[in-house]
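Step one of this worksheet: look at the structure below.
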Amino acid sequence: GLTALWQPQAAIAEFRNAVVERTGSPVCHPIGAARAALTVIFLGLKRLAARSRVIVPAYTCPTVVQAVLKAGLEPVFCDISPQTLDLDRGALSRLIDQGPDRILAIVPAHLYGLAQDVRDLLAIGRESGIFVVEDAAQAFGALFQGRMVGTWGAAGVYSLGRGKCIPAGHGGVIGSQERCAAAIAEAMQETISGQTGQALASLAMFAG
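Counting along the sequence shown from 1, when you hit position 79 you're at 243 in the numbering used here, and nothing is skipped either side.
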């Protein structure tokens, strides 16, 4: 970590390449926090579709809702299955039926490392023009049918915070498919700055 402070761009590039290789995601962006990662994703997707609602699990980390609000979007809460902690499909269908043309994204969460099956959500997304954004903050390395969670949808988020699978103090990673990559990269360029300061803050937090 100390060495990386002297050559931050080389260290970031090395980390990015390692994540791309491990996840199989075609595009990867390290960022200061997982909440910021989600916010940037939503800001990017807003460039691709003029919609304003994001369906999120009613039971999940509060930073997911904060990211939706920060991006100027409306969170819509969906009940979850108490057996799987996944989105309840009946409740989800009712929410979508209220106005599919207003829904920008659905956010399934792989809580506690539990890999959820999002294939039906992807089918819904293709039919209705809704993006699937995976919250894999707690599930880096978890696999579903041999493929890492966070790489199935249009975009996914991993957390590097304390207690996560890669505990680097704080930080996050955006993974995205090529069709969304340019819009997300543009949103990131406009909203994120001060990478060196973030690196120093990360070191201080980790050391503390």
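Here a beta-carbon is modelled for each residue, glycine too, at the ideal position from N, C-alpha and C.
Note that the coordinates shown come from a computational prediction; the quantities given were computed from them, not determined experimentally.
Beta-carbon within less than 8 Å of residue i's beta-carbon, same chain only, minus the 5 sequence neighbours each way: which residues are those?
i: ALA306; result: HIS274, GLY277, LEU278, ALA279, ALA300, MET312 and VAL313
Short of 6 Å in beta carbon distance, which residues of its chain neighbour residue i, apart from the five on each side in sequence? Order them along the chain.
i: THR224; result: ALA273
i: SER189; result: THR315 and GLY339
i: SER292; result: PRO264
i: THR227; result: ARG199
i: VAL191; result: SER340 and ALA345
i: THR248; result: none
i: GLY320; result: GLU298, ALA300, GLY314 and GLY339
i: ALA351; result: VAL204, LEU207 and GLY208
Does the separation of the CB atoms of residue i and residue j fall below 8 Å?
i: GLY336; j: ILE195; result: yes
i: ILE244; j: ASP252; result: yes
i: LYS234; j: THR203; result: yes
i: VAL271; j: VAL218; result: yes
i: ALA347; j: LEU169; result: no
i: PHE304; j: TYR322; result: yes
Excluding five sequence neighbours on each side, which residues of the same chain lie with their C-beta closer than 7 Å to the C-beta of residue i?
i: ARG326; result: GLY333
i: GLN230; result: ARG199
i: ASP250; result: ILE244, PRO272 and GLN280
i: ALA182; result: none
With a cut-off of 8 Å on the beta carbons, I'd call residue i and residue j a contact; round off their distance for me.
i: GLY317; j: GLU298; result: 5 Å
i: LYS328; j: GLN302; result: 6 Å
i: LEU209; j: ALA255; result: The Cβ separation is near 22 Å, so there is no contact.
On the DSSP bridge list, what partners appear for residue i?
i: SER323; result: GLY336
i: VAL218; result: PRO239 and ALA269
i: GLU298; result: GLY320
i: HIS193; result: ILE338
i: ILE244; result: LEU251
i: PHE179; result: Answer is none; PHE179 lacks a bridge partner.
Roughly how many angstroms lie between the CA atoms of residue i and residue j, to the nearest whole one?
i: ASP265; j: LEU237; result: 14 Å
i: VAL167; j: ILE176; result: Note that residue 167 corresponds to Thr in the displayed sequence, not to Val. Cα to Cα, the separation comes out at about 12 Å.
i: SER216; j: VAL232; result: 10 Å
i: ARG290; j: ASP281; result: 16 Å
i: GLN171; j: LEU324; result: 20 Å
i: ARG180; j: ILE330; result: 14 Å
i: ALA197; j: GLY310; result: 27 Å
i: VAL240; j: ALA201; result: 19 Å
i: LEU246; j: ALA222; result: First, the amino acid is wrong: residue 246 is Pro here, not Leu. So the alpha carbons of these two residues sit roughly 11 Å apart.
i: PHE308; j: ARG283; result: 10 Å
i: THR355; j: HIS193; result: 13 Å
i: LEU285; j: SER257; result: 10 Å
i: ALA287; j: ALA349; result: 25 Å
i: ILE267; j: ALA174; result: 39 Å
i: LEU364; j: VAL220; result: Residue confidence for LEU364 is low, a pLDDT of 38 falling below 50, so the modelled location carries little weight; the figure read from the coordinates is stated next. The alpha-carbon atoms of LEU364 and VAL220 are separated by roughly 33 Å.
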